[in-house]
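Working notes for the structure below.
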């Protein structure tokens, strides 16, 4: 019985792949060379050899600027995924006691990231000396896999997907206004009285302009107009402090203003649906040590901060 000869697959150009990824991530042949411990000429030679092997240009090079071609963007996404899977395999073999290491790419919402992720970066890096952190602040719901991220921090309801999510915190959502505004306009006693007030609305809210309240089994939904729409909780907070009206804001964004007296909670006897904070990551059999360490670190830091409620211990990883 004859056999069909197997086609020989070309061996991947791993040095060229690594050199290209470092150049693309750092935006410079010089910085990539420093990171790899090579000369700039050696890195350039490896990337050029990779391009010749692939038969396409991966980088646009000018004297002032370095950018990815369309093919380069595609190749980078796959290369970063391959490196992440390789690191996950090493973590699985080495065991959970291994010191986290490598570059950790995280996408976080703008306002939340500035308030509650960036301030903890220094302490995390001091604890894990072999990790480098790349924080990207973006309110778009980027796909971590397609965008080459190890982790995404998401707020609110999650859409169904192939990703894995861990709920790490929950923040109450409050109505707040400046005491001066309430002294002038009055303090509402029931949700339906809000129609007579200037309301400040978060324009990206999933529920739109309908605000929901609950008290002792009673649920009230109020559809409101708004004097001010903004896609930033910090903008709404600033406007509320300045006396523009009543704003619906997560407690994590206004805990300091409530404590200082710059803002006063409105309808404190009523509760509004809270806001979950999830760590979302690509579905892998093993979670890389650097990802696990960062998520655990943030969860511990937020547990010690005002304006939070923590999920139960049973709220672990789950597919979306």
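In full-length UniProt numbering, the protein residues as written are 1 to 320.
Using N, Cα and C, we set each Cβ at its ideal position, and we do this for glycine too.
When only Cα atoms are considered, residue 16 and residue 44 end up about 9 Å apart. Taking the CA atoms as reference points, residue 188 sits about 9 Å from residue 197.
The residue among 47, 34 and 261 with its C-alpha nearest the C-alpha of residue 13 is 47. For residue 111, the enclosing alpha helix (DSSP H) has its first and last residue at 110-116. Per DSSP, residue 287 is not a residue of any beta strand (DSSP E), being assigned neither H nor E.
A straight line joining the alpha-carbon of residue 263 with that of residue 242 spans about 10 Å. Comparing alpha carbon positions, the residue from 191, 72, 276 and 172 closest to residue 165 is 276.
For residue 158 and residue 55, the gap between their C-alpha atoms comes out near 40 Å. By DSSP's assignment, residue 137 forms a beta bridge with 108. At the C-beta level, residue 100 and residue 293 come within 8 Å of one another. In the DSSP assignment, residue 305 falls outside any alpha helix (DSSP H) and carries neither an H nor an E. Taken through DSSP and simplified to helix, strand or coil, residue 48 comes out as helix. When 210, 215 and 228 are compared, the shortest CA-CA separation from residue 221 is found for 210. Rounded to the nearest whole angstrom, the C-alpha separation of residue 115 and residue 214 is 28 Å.
Under DSSP, residue 250 takes part in a beta bridge, and its partners are 173.
Taking 8 Å as the cut-off, the Cβ atoms of residue 205 and residue 237 do not count as close. When the beta-carbon positions are compared, residue 247 and residue 200 come within less than 8 Å of each other.
The DSSP-derived three-state label of residue 149 is coil. By alpha-carbon distance to residue 18, the top candidate from 80, 27 and 70 is 80. The Cβ atoms of residue 20 and residue 58 lie closer than 8 Å to each other. Straight-line measurement puts the Cα of residue 72 at about 9 Å from the Cα of residue 60.
One alpha carbon belongs to residue 230, the other to residue 249, and they sit about 12 Å apart.
For the 8 Å CB-CB criterion, residue 297 and residue 124 form a contact. Around the CB of residue 219, fewer than 16 other CB atoms lie within 10 Å, so the residue is classed as exposed.
Around the beta carbon of residue 119, a 10 Å sphere encloses fewer than 16 other beta carbons of the protein chains shown; the residue is thus reported as exposed. Membership of residue 184 in the alpha helix (DSSP H) is indicated by the continuous run 179-185. Taking all protein chains in view, the Cβ of residue 171 is crowded by 16 or more other Cβ atoms within 10 Å, so the residue is classified as buried.
The DSSP-derived three-state label of residue 80 is helix.
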